[in-house]
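In my numbering, the protein residues as written are -8 to 191.
In structure tokens form, the structure reads like this:
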């Protein structure tokens, strides 16, 4: 593996593995026609962004003019796609004119998640000269995604919900949750990757 500023170690391979897993998790619900994935354009762009990140590890170091833009391009696309989430939440708050704790929390967390992806994009610019931004972005995303998952889990009724829903809906729920965990693992991988030091 050629990995630019990153050493070819287990952290780099873990980052590749979880990024591949996230790409598969994005495609599976769409291919299965389960109605969980976003529209086809968003799906294609998400997979393209993840493939751009994966490609970074395998493009030879000599191709710096191409390689240096693979990570920023990937996270730039992801941040563009995520921008809609806090905007939709804010729109709902304004139109409903209700500041419910759950709606406000989801708005704040989706905004934090967007900021985290944007920080990953900015931190990976210029050959990772601002690695601290990349690390902070990955860390914020792990926290935000775990918090969103916890709020959603409590909102639907916790384990009681999963005990009462029909098998067909349960399968859909489990597919959605597994997809969600693949995104969390993606940012765990990025966070670990950010602790790598430049090779000698």
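Cβ atoms here follow ideal geometry from the backbone N, Cα and C, with glycine treated the same way. On a predicted model such as this, the values are computed, not experimentally measured, just so you know.
Does the separation of the CB atoms of residue 126 and residue 69 fall below 8 angstroms?
no
Within a Cβ cutoff of 6 angstroms, which residues of the same chain sit near residue 67, ignoring the five residues on either side of it in sequence?
112
Leaving aside the five residues before and after residue 10 along the sequence, list all residues of the same chain whose C-beta is less than 8 angstroms from its C-beta, in chain order.
41, 44, 45, 177, 180
Just to check my reading of the structure: residue 32 and residue 17 have Cβ atoms closer than 8 angstroms, yes? What is that Cβ distance to the nearest angstrom?
Actually they are not in contact, since the Cβ atoms of residue 32 and residue 17 sit about 13 angstroms apart, beyond 8 angstroms.
Which of helix, strand or coil does DSSP assign to residue 51?
coil
Is the region 101 to 118 close to the region 128 to 135, with three or more CB pairs under 8 angstroms?
yes
Just the C-alpha distance for residue 110 and residue 54, rounded to the nearest angstrom, thanks.
24 angstroms
Ordered along the chain, which non-local residues of its own chain (more than five positions away) have a Cβ less than 7 angstroms from that of residue 62?
44, 47, 115
Straight-line gap, residue 58 to residue 141 (C-alpha atoms, nearest Å):
37 angstroms
What does the alpha-carbon distance come out to for the pair residue 12 and residue 39?
14 angstroms
Quick one: using the 10 Å Cβ neighbour count with 16 as the cut-off for buried, is residue 117 buried or exposed?
exposed
Alpha helix (DSSP H) segment containing residue 116, residue limits:
116 to 119
Could you tell me the alpha carbon to alpha carbon distance between residue 74 and residue 122, rounded to whole angstroms?
23 angstroms
Per-residue burial, residue 37 [other beta carbons within 10 Å of its own, 16 or more giving buried]:
buried
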